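Each remark here refers to the structure printed beneath this line.
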Amino acid sequence: MPKRTDIQKILIIGAGPIIIGQACEFDYSGTQACKALKEEGYTVILLNSNPATIMTDPETADRTYVEPVTPEVLEKIIEKERPDAILPTLGGQTALNTAVAVAKNGVLERYGVELIGASLDAIEKAEDRTLFKQAMAKIGVDVPRSGLAHSYEEAMEIIESVGFPAIIRPSFTMGGSGGGIAYNREEYEAMALAGIDASPTNEILIEESIIGWKEFELEVMRDTADNVVIICSIENFDAMGVHTGDSITVAPAQTLTDKEYQILRDASIKIIREIGVDTGGSNIQFGINPIDGRLAVIEMNPRVSRSSALASKATGFPIAKIAAKLSIGYTLDEIPNDITRETFASFEPTIDYVVTKIPRFTFEKFPQADSTLTTQMKSVGEAMSIGRTFKESLQKGLRSMEIGSYGFESRLFSSPQEWGRPLSDAEQELLNTKLHVPNWERIWFIADAFRANMDIAQIHSVTRIDPWFLFQIQQIVEMEEGLVKLADLPLDDAEWPALLRDAKQNGFSDRRLAQLFGKTEDEVRQLRHSFGIRPVYKRVDTCGAEFVAHTPYLYSTYETECEAMPTDRKKIMILGGGPNRIGQGIEFDYCCVHGVMALAADGYETIMVNCNPETVSTDYDTSDRLYFEPLTFEDVLEIVHIEKPLGVIVQFGGQTPLKLAVALEQAGVPILGTTPDAIDRAEDRERFQALLFKLNLLQPDNGLARSFDEAEKIAERIGYPVVVRPSYVLGGRAMEIVYHVDALRSYMQNAVQASPDHPILVDKFLVHAIEVDVDALSDGRDVVIGGIMQHIEEAGIHSGDSACALPPFSLKPTIVDEIRRQTRELALELGVVGLMNIQFAVKDDTIYLLEVNPRASRTVPFVSKATNRQLAKLAAQVMAGKTLDELGIRDEIIPSYVSVKEAVFPFVKFPGVDTLLGPEMKSTGEVMGIDTNFYQAFAKSQLAAGVHLPVKGNVFVSLKDGDKQTFIEPARRLVAGGFNLVATRGTAAFLESNGLPVTAINKVKEGRPHCVDALKSKEIAMVFNTTFGPHSVADSYSIRRTALMNNIAYYTTLEGIIAAVDAVLSLGREKLDVVPLQEYYARQ
Amino acid sequence: MKAILALADGRVFIGKAFGARGEVTGEVVFNTSMTGYQEILTDPSYCGEIVTMTYPLIGNCGINPEDVESGRPHLSGFIVKEACPYPSNWRSTMTLDDYLKQNNIVGIQGIDTRSLVRHIRDNGAQTGIISSIDLDPASLVQKARKAPSIVGHDLVQEVTCKEAYHWTEGPWKLGEGYQQAGEMRYKVIAYDFGIKRNILRNLVSIGCDVTVVPASTPASEVLAMKPDGVFLSNGPGDPEPVVYAQENIRQLLGKVPIFGICLGHQLLALALGGRTYKLKFGHRGGNQPVQRKSEGQVEITSQNHGFAVDGDAIKDAAVLTHINLNDNTIEGLEHCQVPAFSVQYHPEASPGPHDARYLFDRFAALMDKHRKSLV
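Here's what the structure looks like:
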């Protein structure tokens, strides 16, 4: 069918900020959708609050609203733009929920807007458990047995049919709290009653436990002509019970016979038809009982999902792009397959390699969080790897994680000589726990279990992981045992080439081999190269080589035929950022993609290297050539060897590629832009101090401690509070502010192990200093400021976790000018070619330098969106040799409007974790609010971050003494604006004595009803809570946690509180206006 | 233990022996299905062929007694990247390697199968040899060159049954295994040119009382059994030399409804005066898109053929009902006057998708209609 001509304007909803469970994959899918629809001549309107996305680039859509993704804002945009249709299936659950809200409240009907992709009925049928269950019964597809209970009696009746173990899920509790698994009647009775109590609707879902079953997913697509195809099957390494986002997953399914696979396929087709997803992609999850093959469908996402992104990258079939084209009426047989060019999208990809996805966790950031893997997703990113066997794919996956693993390093044994020795009781217990309780390290412990002489049956019985996967790990362990014996083999032995080739074919990294052989990585590499053992590169082609692949989407393997076919064009390679983690996420992928765009426009062939399947950078049509490979020195060096690029760009992908810079340069790889030496000069503490001394710039007093004694001496010299952290840290890892010698001792003893090799940095902490972030661009001769951002929160809160405004909202012009001057001096002295980010602190009109990073920073996309100057593109051009002058970049752009960036946190996913901010970065994503004044822009940023800003009601205040005085003025404004103040006794007395009306309320320990009761009963609209010292932190923990779980706006820093006061007042005064980026830019 | 695959054009691959030790020649082809190796091994249509699986890991689910399409493997040799010695599946009873040894099928693993597939794709399917006895590449290439081509060779004779037999087993169901026949509404004679059991099971499922007869059974004998319909099965190799079958079909046309699959489809086309030709490397896999020309609907199909029907010569006799969307080759035809239709692909699947099961119902409808026309 030809495309629809009855619609011209389509609104696409993006996913908003990166959160756990919703990451860059929706930028990838949304960007594909925008491009696909624009290509077809439709006017595309976009709503997305996340500035760090390619989809919010002003060129991607026609009208780009960087505004909060809420039903209210969506309605305003619909009113203003009058789109013909909304495509809600490419922006994750956020987009779907927002679209459902405007469909249900009559907005779509009122403005005559159609939902395309999936109808409201289909969405509800897929998402509502009862409707879904009924639909499955209708088509004869099994679901786990279940029932809803509202009373003890009902619960007892349902358990008869469900049986044990049973899962109890209270309805409408955030994060599934109050639920659990009951293994017997006694446990069940207690849990059922507690669950009914915990649920606001007094309802629990009781479900048959299929924990331990095998888990599979199918990616399905359907078009308007009712053609249905399966794009990819995925098998979970971890059995049911671990969220698929937290499981290691493998494509295609490995342990299904055709008979069983076809049952899944038939069921998937029936399901997508019955649910009624008209066009586009869906993801369906199944459990299969390993004993008898019985199947149960777990859930269906009536939209493009994280798994769709993985399936797209795993097969080369661009699901989101095709989904967008199907939504406007094309059928699968009308859409060409870009890779083969001669075939169409109406087929099912077949692959001739094995894809492994491994999730990346950051539990080290949340020490209080329970790191057990459950049905609640906890991972923050993932890496994907491709190999010709599972063993190769898995081992490549492990080294793609960038957690210091290069294979199956032992967790239990200190050297290979110990393998097989009897375990101590404690070790045995640790091993049993690590196998039995799902956790992120389990895969390494499985290898150790084999080394401890456990067999497949034993390991299977505790892990429930399919024996096929266990066997593969056992084979790797056995190979390792063989490889260890080669340590003494003379280097000229004729056995070497075959043995080494065999090891490489099974995915062993040089580094792991070096550990096994007792050699260095370099020695292993030299030995390998001396035998001519190098990887070949194969193409991902959707078709198992049946047709010629025209897209150089490549992965390495150790076989005979290489399909890389490098060109002799002038080419530049860009190294990506690897798996997302807190501190290194989509912002860096954005920079990489922009680098690629700019260099391609300048006529270079662009080569992308990355292993993150969620990203735009790993879309095969982003760069000219894509290498889906781990970002290790070994893997990158081999690609350089085959491609021989003019240069490699390491400054866009965050720390990951930056860490490789020195080694790559030493290996003779040309690094473009700022030299590795300049990078080192900024990162090495002593060299950096020399630099500051030379330029006569200030930094907070500091010292380097290699022991507690040294640290204590430094702290005494510079005065408490001090900031302590290990040298060379990422994202504020293990960084703390210490107010007292006891805390310093505890930090030095517990948090970090200081040693001569790993000294601890001790800095004077500047209390109530204003932090300023600067992004600048230099070609080595000229320096242009990209943007100056004033943080809302005081210095000491990690810059990634602070809100910030561009342009600055309260800094004196003279200070800003001085910051400009210092930025220039630093850039020129370091010889920056490309991007640079500097963090300053301003206290009492004195400027201190906190940090210099001569690379793309997390704020580059925000600054680019705020100023309409795409810094990463310019930086790439500069690195490739152009001057800023040639590019016409001379002056800083200072916008006439205000942009505010706010961070978004994962606290809700981690029960037991406090929400206080500090020097350790904890946010997963960011949003942007734009408006003509700071307060309205800040208010938008809060709404976009999911904060429910009230315009009236009770504000609960509990402040530390130091903050009380400053709060008087804002408190007056609040009261004048119609808010009521509620405070704990100390704060209440203080406010009253300053003539403010305030209601006193009990602290938690003062008896009920207390402030937490008030929060739970929704009497409080907003919480202001600052704390000092561990006691006060512990006392007020339940306040912050309750506010979080009940979705009540809360602020925990004085500066945040003041901004929030003016934001809520501003929201009360002015109506929220929505304006697309393109209009803001035109005003400049 | 070392094994070598040599192609007639001189390309040599060195790998490891698996399955039976020995030496075999055959036409080297590839199959892109990711599941269903056991069905592929036992599909008689692979007689005379050395099959390469494009998916690298084969044998993961082992071998079970149920997933067979005939009594034994029929292919000449089997090529995989990595055969799994430790299968995991609730129905598995033995490893792939043991099964191949038991059935004397020579295999090779550990070669760059993608490179081999690309070579076949670019240069066409050709004769090859696998050996774990003779490890001299030059000698093997010579042997491959001397080995007979499958073109012009009647391979049906090697796989057809010796005597007629009755079939009552229905399709497989999870938890129940193979179903027993229910109500028998049609008497169907199935010509065995190398028939896959799942075709028979599907015929049983639509109510057929099936008698399978040898490929050379004269039309008169078939008609004497007074069938409601005649089925022309799949089978190996080149349809052209199977002239006796073409002649029988000509005699049956118009007298009884006919349904043909794969080789049966090609033989029907030849019987109608059509022509067949050899494809460069054939279609073998479970992801081939076929369009029903009447409705435009696309079916994902299971295919296994090296020859195809040339549409021009039968334009007047038959309607071309289905085409392959990858290369526009003919996938189905229907006689203009008499009740006879056929498809090039495998609606019985096994292995592969079930999108085309409706064709069996169409056969039943055709038999109903024909029966009514006789009354």
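Line by line, the protein sequences are chains F and C.
For the first sequence, my numbering begins at 1 and goes up steadily by one.
For the second sequence, my numbering begins at 10001 and goes up steadily by one.
Even glycine gets a Cβ: it sits at the ideal position worked out from N, Cα and C.
As the structure is a prediction and not an experimental result, all values here were calculated from the model.
In this structure, DSSP gives C24(F) a state outside helix and strand, which the three-state scheme calls coil. Here DSSP, grouped into helix, strand and coil, assigns T70(F) to coil.
If you compare the alpha carbons of Q749(F), D885(F), K843(F), V724(F) with that of G780(F), the shortest gap goes to D885(F). Contacts with chain C at 7 Å (Cβ-Cβ) include Q262(F). Nearest to E10348(C) by C-alpha distance, out of P10137(C), Q10337(C), V10156(C), I10300(C), is I10300(C).
Nearest neighbour of T340(F) by Cα position, chosen from D10327(C), Q10344(C), Q10337(C), turns out to be D10327(C). Counting only Cβ-Cβ distances below 7 Å, L10279(C) has no contacts in chain F at all, with the closest Cβ about 12 Å away. The three-state reading of DSSP puts Y935(F) in helix, counting H, G and I together.
Annotation: the continuous beta strand (DSSP E) that includes Q285(F) extends over 280-288. In the DSSP secondary-structure assignment, D961(F) is not bridged to any residue. Between V10212(C) and W10172(C), the C-beta gap is not smaller than 7 Å, which leaves the two residues out of contact. At a C-beta separation below 8 Å, W10167(C) has no neighbours in chain F, since its nearest C-beta there lies roughly 19 Å away. Contact check for M1022(F) against P950(F) passes: the beta carbons are separated by less than 7 Å. The beta carbon of P861(F) sits closer than 6 Å to the beta carbons of P51, A52, E587, Y590 from its chain, once the five residues preceding and following it are set aside; these are given in chain order. Look at C10336(C): its C-beta is not under 7 Å from any C-beta on chain F.
Within the DSSP bridge table, the entry for T984(F) names I1001(F) as partners. The beta carbon of E559(F) falls within 7 Å of a beta carbon belonging to chain C, placing the residue at that interface. For T255(F), the closest Cβ of chain C is nearer than 7 Å. Spatial neighbours of P58(F) in its own chain (CB-CB distance under 8 Å, excluding positions within 5 residues in sequence) are listed in chain order as T64, N868, L1077, Q1078, Y1081. Within the segment 857-876 of chain F, no residue has a Cβ lying closer than 9 Å to any Cβ of chain C. Looking from the CA of T257(F), the closest CA among L10057(C), F10363(C), V10028(C), D10009(C) belongs to L10057(C). From the beta-carbon of T350(F), the residues of chain C found nearer than 8 Å are T10032, S10033, M10034, T10054, Y10055, G10285, G10286, N10287. Sequence-distant Cβ neighbours of Y10055(C) in its own chain, meaning closer than 6 Å and more than five residues away, are M10034. Among the residues of chain F, those whose CB is under 9 Å from the CB of Q10297(C) are A225, D226, N227, following chain order. Note on geometry: alpha-carbon atoms of G544(F) and Q254(F) lie some 16 Å from one another. A distance below 6 Å between beta-carbons, with the five flanking residues on each side excluded, links M10367(C) to the following residues of its chain, in chain order: Y10186, D10228, G10229, P10257. DSSP lists K901(F) as the beta-bridge partner residues of M928(F). Chain-ordered, the chain C residues with CB closer than 9 Å to the CB of W468(F) read N10060, C10061, C10084, Y10086, P10087, S10088, N10089. For the segment 10303-10327 of chain C, residues whose beta-carbon sits nearer than 9 Å to a beta-carbon of chain F comprise L10325, N10326, D10327. With a threshold of 7 Å between beta carbons, E478(F) makes no contact with chain C.
Annotation: the continuous alpha helix (DSSP H) that includes M136(F) extends over 129-139.
Residue ranges of uninterrupted beta strand (DSSP E) with 3 or more members, entirely inside the segment 558-644 of chain F and ordered along the chain, are 571-575, 605-610, 625-628.
Non-local beta-carbon contacts of S307(F) in its own chain, meaning distances under 6 Å to residues more than five positions away in sequence, involve E217, N283 in chain order.
For Q22(F), same chain residues with a beta-carbon under 6 Å away, outside a window of 5 residues either side, are A15, G92 in chain order. Contact check for V878(F) and T823(F): beta-carbon distance about 16 Å, past the 8 Å limit, so the pair fails to qualify. Here DSSP, grouped into helix, strand and coil, assigns C10262(C) to coil.
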